[in-house]
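Colleague: Here it is, the structure in full.
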Amino acid sequence: MPDTGVGGTVILLNGTSSSGKSSIARELLRVLEGTWFHVPVDAFHGMRGGVIVDGDLQAEIDRTCKGFHRAVAGMAAGGNNLVVDYPLSRRWRLLDLLDVLVPEDTVLVAVRCPLPELVRREALRGDRERGLAATQFPHIHSHGPHDLDVDTGRHSPAECARRIHDFLPHRPRPTAFETLRRSLRTR
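Under my numbering, the very last position in the sequence shown is 320; numbers go up by exactly one each time.
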């Protein structure tokens, strides 16, 4: 087996639907040094075939997300650097990620956007259930600290990506994931 060195860095972009996570991720791939993968949860949902029975939809989403967490952790453990595009809209998602990711190697970024702008973007996209962003809005950043906040209502994806890029070499310790693991896993 080849020696792939140490684990990779995970930049976890946490924001509601239509907040600009994917746009920031694309810009990050342009400005970050070295090799990085954009790993959006939507790609995993897009791989699904078959028909989901209405009553099984949430269970299907939860299974996919749980597998997504382990795929992200596995890629990082293999030494790959990842930009993960994922809403922490349900508490169990964060708790599970705290168990599978290396907290010292995870950068948690709050992707913020004002609610009226989210509603506008959602309507323009047309590929999201109307009201999804508004439903996620009060919960998405409620779990505690992030390492960095960016606001896509005030800054372009390129500007947000540049802020993240400039932050990486100066990450304070403990990281948000270290702090959250200590506080949420000891209760």
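Glycine is no exception: its CB is placed at the ideal position from the N, C-alpha and C atoms.
Residues bridged to residue 147 by DSSP?
Modeller: 243
Colleague: Rounded C-beta distance between residue 144 and residue 297? I'm assuming under 8 Å.
Modeller: 7 Å
Colleague: Whole angstroms are fine: how far does the CA of residue 220 sit from the CA of residue 199?
Modeller: 13 Å
Colleague: Is residue 168 buried or exposed, if buried means 16 or more other CB atoms sit within 10 Å of its CB?
Modeller: exposed
Colleague: Do residue 233 and residue 217 have their beta-carbon atoms positioned less than 9 Å apart in this structure?
Modeller: no
Colleague: Are there 16 or more other CB atoms within 10 angstroms of the CB of residue 316, so buried, or fewer, so exposed?
Modeller: exposed
Colleague: In whole angstroms, give me the CA-to-CA distance for residue 157 and residue 240.
Modeller: Those two C-alpha atoms are separated by around 14 Å.
Colleague: Based on the DSSP secondary-structure assignment, which residues constitute the bridge partners of residue 280?
Modeller: Note: residue 280 sits in no beta bridge, so no partner.
Colleague: Going by alpha carbons, who is nearest to residue 225 out of 307, 303, 188 and 196?
Modeller: 196
Colleague: How long is the line joining the alpha carbons of residue 277 and residue 310, rounded to whole angstroms?
Modeller: 10 Å
Colleague: Along the chain, where does the beta strand (DSSP E) containing residue 175 start, and where does it finish?
Modeller: Premise fails: residue 175 lies in the alpha helix (DSSP H), 174–179, not in any beta strand (DSSP E).
Colleague: For residue 371, which residues of its own chain have a beta-carbon under 6 Å away from its beta-carbon, when the five flanking residues on both sides are left out?
Modeller: Nothing can be reported for residue 371, as the shown portion of the chain is limited to 134 through 320.
Colleague: Need the endpoints of the alpha helix (DSSP H) that residue 165 sits in, please.
Modeller: Looking at the DSSP string, residue 165 is not in any alpha helix (DSSP H), and its letter there is neither H nor E.
Colleague: Quick test of your reading: residue 152 and residue 293, contact by CB under 8 Å. State the CB separation rounded to the nearest angstrom.
Modeller: Not really, about 10 Å apart at Cβ, beyond 8 Å.
Colleague: Once the 5 residues before and after residue 270 are set aside, which same chain residues still bring their CB inside 8 Å of it?
Modeller: 149, 248 and 251
Colleague: Whose C-beta lies closer than 8 Å to the C-beta of residue 170 among residues of the same chain, with five residues either side of it excluded?
Modeller: 208, 213, 214, 215 and 216
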